[in-house]
Amino acid sequence: MKTVHGNTVGLKPRQRRDLEHLYKRRIDQNAVVVPLVANRMIALSLETDRQVGILVDRTGRITHVIVGDASRVWIPDLGRERAGHSRLRGLRLVHTHPGGELLDLDDILDLTRLRLDLVAALMPDATRTNPHVNAIYPVYAPGTPDPYEKLGPTPLSAFNLDFQDMVAALEEELRRARTDLPAGKDGRAILVGASTSRSSLGVAGLEELDSLSRSAGVSVSCRIHQRRSRLDPNTIVGKGKLLEIITRSITDDADVLIFDHDLTPKQARAISAFTDMRVIDRTQLILDIFAQRARTNDGQLQVELAQLKYMMPRLVERDDALSRLTGGIGGRGPGETKLEIGRRRVRERVARLEDRIDKLARQRRQRRKRRQLSGVPLAALVGYTNAGKSTLLNTLTGSDVPAENRLFATLDSTTRRLRLASGRTLVLADTVGFIRRLPATLMSAFRVTLEEISDAAVIIHLLDASNPEADMHLAAVEGILGDMGLGSIPRIVGVNKTDRADPDVLDRLVALTGGVALSSRTREGAAPLLERLDDVLGRLVFTSPPVS
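Rendered as structure tokens:
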């Protein structure tokens with residue numbers, strides 16, 4: 018005999034046997050439920066004061082019998098979904114509402130999250146012979162206000178629905194509605210953002226999150242933004258919007274949610290539990306990009322340190338195994354939980370990484386001292402990510418540093434020597450790109466790399482004039498430099514990408530910053546930039562004079 022799932026504690030042996038006997042019944046393939054099974058379920062539900070449910074496949078076979086409490090049933094783990102895109106799970110849920118309640122949000126969530134064919138509630142009538150049926154089935158047509166269609170409540174004898182034709186039409190509709198997007202190497206994602214202001218910052222944030230996601234190798238399905246009077250403390254966007262997101266994930270075959278927010282561990286768990294999807298926040302996405310880009314030993318150590326510091330507060334119990342005590346000699350008694358062992362090992366690894374990074378910092382400081390004693394000044398290229406810093410380094414020095422048109426294409430710091438027209442020699446350093454709301458874990462881990470900027474005689478701030486958010490990028494970079502205490506270092510602003518920028522915008526940015534218009538790709542404006550650089554360095558005092 019098959020198992021009765023759910024809340025079986027306190028059931029009498031006869032009640033349990035009656036529930037198990039439901040497995041022997043068959044449902045007509047074209048019917049949602051047959052009267053004999055419906056009436057038996059209602060009788061058992063009223064007798065036990067618990068909801069009783071069944072899961073039925075498309076052949077009419079009852080695959081699960083479920084018992085809940087007075088208010089709901091909990092569906093057991095159903096395993097993997099049916100293979101192939103645009104497919105429902107091939108199961109319908111029929112359960113009792115002994116108090117006569119209509120289907121609620123929990124039922125809608127079960128329908129959408131589990132990709133069920135249909136969810137139906139059976140409500141007793143006065144005679145207990147003809148229960149009423151309240152049903153919902155999914156709808157995936159674009160523009161529909163709700164992701165489901167309601168039926169009833171209607172007496173079972175008058176409930177007319179050709180079930181097989183309905184699910185065939187549903188799956189055909191799902192195939193038509195599904196957006197045909199190329200799959201990324203790390204899945205397909207829905208981008209989610211929310212804001213409380215009336216400005217365009219929330220939408221602009223999703224634009225940048227889109228670029229970050231594609232840079233990480235994720236295929237973006239769609240972007241969803243919500244304006245709220247206040248952000249939901251548990252889920253950022255609220256349950257109603259999450260329900261819409263779940264439905265969209267089905268039509269777009271998306272399995273990842275990426276939030277343009279830094280989620281707390283509690284929020285990430287709540288959203289994941291509600292949607293049954295993988296949830297990533299903005300910091301985690303940036304860390305993943307850094308992990309892909311790091312090539313040198315320095316960069317890999319710093320990325321690992323940042324990831325571990327991000328992970329530490331998120332090490333929580335995921336299943337019962339983490340709460341078991343270690344066994345064996347020395348492990349009896351209170352002992353140490355697996356969770357605590359995991360945290361301790363992470364702390365030990367963080368300490369080792371910090372020691373190694375401190376050694377690297379000392380080595381870098383020694384190299385900088387030797388460079389300072391030689392009288393060779395340092396010019397640091399800084400700017401928002403994808404502003405064209407690596408391309409400019411290649412253009413000015415004849416190098417072949419990898420440069421791509423995507424965010425954080427270059428992560429590891431690179432230095433090259435450059436001789437100016439006056440004969441003066443300097444070291445030009447390409448640094449990691451900045452970004453708004455730069456994660457604190459990255460700032461801390463990359464302090465060794467960013468120390469290069471603090472020793473610079475001059476900072477060349479490269480600004481992408483072709484980006485519609487250029488003003489915000491300018492403010493973000495200057496804010497980060499100010500937070501690092503580098504506001505007093507002489508600054509030259511290179512207003513980059515003249516070959517792509519709107520001329521009026523370009524003129525305004527040059528006037529605003531007092532900078533030099535240039536194109537790092539075509540070398541346009543490179544000579545005026547070098548002249549400005551030579552002039553600034555000429556007004557500074559160094560250990561040795563320029564070479565004549």
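Quick note on our numbering: the sequence shown kicks off at 18 and runs consecutively. Glycine is no exception: its CB is placed at the ideal position from the N, C-alpha and C atoms. Computed from a prediction, not measured in an experiment: that's the story for all the values here.
Rounded C-alpha distance that separates residue i from residue j
i, j, result
"Glu188", "Gly210", "30 angstroms"
"Leu498", "Val399", "9 angstroms"
"Val296", "Ile452", "21 angstroms"
"Lys283", "Arg538", "46 angstroms"
"Val82", "Arg366", "48 angstroms"
"Val220", "Arg245", "13 angstroms"
"Gly496", "His112", "58 angstroms"
"Ala323", "Ala473", "25 angstroms"
"Leu435", "Ile374", "28 angstroms"
"Thr414", "Leu443", "11 angstroms"
"Arg231", "Ser416", "27 angstroms"
"Gly255", "Ser289", "13 angstroms"
"Ala55", "Leu63", "12 angstroms"
"Val73", "Ser236", "35 angstroms"
"Leu557", "Pro394", "10 angstroms"
"Thr146", "Arg33", "22 angstroms"
"Arg106", "Lys376", "56 angstroms"
Beta-carbon contacts of residue i that lie in its chain and below 6 angstroms, excluding the five residues immediately before and after
i, result
"Lys19", "Tyr40"
"Thr560", "In this predicted model, Thr560 has a pLDDT of only 41, less than 50, meaning its place in the structure is not dependable; the value taken from the coordinates is given anyway. For Thr560, where only same-chain residues beyond five positions count, the Cβ hits under 6 angstroms are Gly392."
"Ala308", "Val320"
"Val475", "Ala396, Pro507 and Val553"
"Gly204", "Asp272 and Val273"
"Gly531", "none"
Residue i and residue j closer than 8 angstroms at C-beta
i, j, result
"Val150", "Phe176", "yes"
"Val553", "Ile509", "yes"
"Ala404", "Leu491", "no"
"Leu223", "His242", "yes"
"Ile125", "Leu260", "yes"
"Thr65", "Thr264", "no"
"Ile303", "Pro456", "yes"
"Leu95", "Leu61", "no"
"Val533", "Ala482", "no"
"Ile262", "Thr292", "yes"
"Met58", "Val51", "no"
Nearest to residue i (by Cα), restricted to the options the options
i, options, result
"Arg369", "Ala404, Lys326, Pro330 and Ser537", "Lys326"
"Val184", "Leu229, Leu133, Ala397 and Thr171", "Leu133"
"Val527", "Leu304, His478, Ile79 and Met294", "His478"
"Arg331", "Arg286, Met294, Asp305 and Asp293", "Arg286"
"Arg525", "Val512, Asp74 and Ser536", "Val512"
"Val49", "Thr76, Asp35 and Gly415", "Thr76"
"Arg240", "Leu208, Asp298 and Gly504", "Leu208"
"Leu5", "Asp551, Leu503 and Gly504", "Because the chain in this structure spans residues 18 to 565, residue 5 falls outside the shown range and cannot be described."
"Ser536", "Thr515, His114, Arg299 and Leu72", "Thr515"
"Ser266", "Pro164, Leu119 and Leu173", "Pro164"
"Glu118", "Gly107, Pro148 and Arg441", "Pro148"
"Gly234", "Asp305, Leu248 and Val449", "Asp305"
"Asp610", "Gly257, Ala438 and Asp270", "Outside the displayed span of the chain (18 to 565) sits residue 610, for which this structure offers no information."
Sequence-distant residues of the same chain with beta carbon closer than 7 angstroms to residue i, five excluded per side
i, result
"Val418", "Ser407, Leu410, Asn411, Thr427, Thr431 and Asp447"
"Gly23", "Ile83, Val84, Gly85, Val90 and Trp91"
"Asp127", "Ile92, Leu110, Leu133 and Val136"
"Val494", "Val399, Gly400, Tyr401, Phe451 and His478"
Residues near residue i by beta carbon distance below 8 angstroms, same chain, minus five either side
i, result
"Ile346", "Confidence at Ile346 is low in this model, with a pLDDT of 37, below 50, so its placement is unreliable and the value that follows should be read with caution. So the list is empty, once near-sequence residues are dropped."
"Met329", "Arg360, Val363, Arg364 and Val367"
"Arg454", "Asp279 and Arg299"
C-beta neighbour in chain D for residue i, strict 8 angstroms
i, result
"Gln317", "The structure shown contains no chain D, having only a single protein chain."
- Item | Touching by the beta-carbon criterion (3+ pairs, under 8 angstroms), the stretch 309-316 and the stretch 270-285 | no
- Query: Would the stretch 139-146 and the stretch 81-95 be scored as touching if the rule is three or more Cβ pairs under 8 angstroms?
  - Reply: no
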